[in-house]
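Engineer: Take a look at the following structure, please.
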Ligand code: C2E
Ligand code: MG
Ligand code: MG
Ligand code: MG
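In UniProt numbering, the protein residues as written are 317 to 596.
Now the structure itself:
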């Protein structure tokens, strides 16, 4: 016993590590309650702006969690955790249901808009994922053409027939499919032609320095040209300044999103922004 108590621990106790672990655990175990409570989760909506007309052409629904202990928890702090659990299904169902209500609201207010939702790879592998969502749209009398599904890691998805099938069912029904965060990782050039999507969203890391860096500029310009040639609509993410807008407009990029136009907004504020831009 004496020898044991004198020995130093192999790994020194680290308060920060411990707290981070505990937070992750609490976020994971607290999420079911968040889904059941009516006041912890809500969506915010970031306008997508046409670079030709300046009008709002859609909004992206982004999840917010107001945790009773931790306050506002960013989605990237908990979605990767929840994606490892079966709660990712009811979560995405909830998000889509909220998005459908937003679509109806925009329509009622006379400013019909496409609403995009983010889905995970796990969602796309679920057998009835697409059909469940088509049922929800049908129940609410909403046309599938007002919903867009933003997917990640398409190149990997294409390796799995279940994901290919899900995407096919969506597109056959008229739900738009977008490839999110394009250019944030490695892509095989040959796969570009085969991406089963309507929209490609250029990642912020690709777009952010095009005004300062001639190399990035050349890449983004050629990418936009090539992807448009294949028939995709191109949306640039994370636009933070006028110079970047000007460059992208010169490159004939279709639309943009970013703090320069609007941050993610409440539904009311998104409605207001849409009205203002359509009358400008
Ligand atoms: P994303 O889909 O690529 O969304 C864009 C993220 O960039 C959002 O962060 C948005 O607030 C942020 N952003 C927008 N404009 C700018 C800008 O000009 N500059 C900078 N620096 N950032 C900008 P957010 O809301 O924190 O979401 C992060 C990620 O979490 C999303 O990336 C998406 O992958 C995921 N996510 C958010 N909501 C959901 C959801 O309901 N379901 C799923 N599965 N994932 C979600
Ligand atoms: Mg997205
Ligand atoms: Mg993105
Ligand atoms: Mg992203």
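We treat Cβ as the ideally placed atom computed from N, Cα and C, and that holds for glycine. Keep in mind that this is a model prediction, so the values were computed, not measured.
(1) Flag residue 476 as yes when its Cβ comes closer than 7 angstroms to any non-hydrogen atom of ligand 3, and as no otherwise.
(2) Determine the closest residue to residue 593 out of 469, 400, 364, with distance taken between C-alpha atoms.
(3) Terminal residues of the continuous alpha helix (DSSP H) containing residue 463?
(4) Compare the Cα-Cα distances from residue 442 to each of 478, 470, 335 and report the closest residue.
(5) Just tell me which of 504, 462, 350 has its CA closest to the CA of residue 490.
(6) Looking at residue 583 and residue 418, is the spacing between their C-beta atoms short of 8 angstroms?
(7) Might you give, ordered along the chain, the residues of its own chain that have their beta carbon closer than 7 angstroms to the beta carbon of residue 452, omitting 5 neighbours on each side?
(8) Does the region 335–352 come within contact of the region 397–406, defined as at least 3 CB pairs closer than 8 angstroms?
(9) Buried or exposed for residue 470, please, with buried defined as at least 16 other CB atoms from any protein chain shown within 10 angstroms of its CB.
(10) Mind listing, in chain order, the residues whose beta carbon lies closer than 6 angstroms to a non-hydrogen atom of ligand 2?
(11) For the beta strand (DSSP E) that contains residue 356, what are its first and last residues?
(12) Considering only residues of the same chain and omitting the five flanking positions on each side of residue 556, which have a CB-CB separation below 6 angstroms?
(13) Any chance the region 522–540 sits against the region 352–364, with 3 or more Cβ pairs inside 8 angstroms?
Structural biologist: Taking the geometry as given:
(1) Stepping through the chain shown from its first residue, residue 476 is reached at position 160. Every heavy atom of ligand 3 is 7 angstroms or more from the Cβ of residue 476, so no.
(2) The residue labelled residue 593 in the question sits at position 277 within the chain shown. Selected option, being the one with the closest Cα: 364.
(3) Position 147 of the chain shown, counted from the first residue, corresponds to residue 463. Run containing residue 463: none in the alpha helix (DSSP H); it sits in the beta strand (DSSP E), 463–467.
(4) On the chain shown, residue 442 is found 126 positions in, with the first residue counted as 1. That would be 478, whose Cα lies nearest to the Cα of residue 442.
(5) Counting from one through the chain shown, the residue named residue 490 turns up at place 174. It is 462.
(6) In the chain shown, residue 418 corresponds to position 102, counting from 1. In the chain shown, residue 583 corresponds to position 267, counting from 1. With respect to the 8 angstroms criterion, residue 418 and residue 583 are classified as neighbours on the basis of their beta carbons.
(7) Translated into positions along the chain shown, residue 452 becomes position 136. Excluding residues within five positions, the ones whose Cβ falls inside 7 angstroms are 412, 413, 416.
(8) At 8 angstroms Cβ cutoff, the stretches touch.
(9) Here residue 470 refers to the residue found at position 154 when the chain shown is read from its first residue. By the neighbour-count rule (16 or more Cβ atoms within 10 Å), residue 470 is buried.
(10) Listed along the chain, these residues meet the criterion: 376, 434, 466, 496.
(11) Numbered from 1 along the chain shown, position 40 holds the residue referred to as residue 356. First-last for residue 356: undefined, no H or E at that position.
(12) The residue given as residue 556 occupies position 240 in the chain shown. Contacts found: 574, 575, 576.
(13) no
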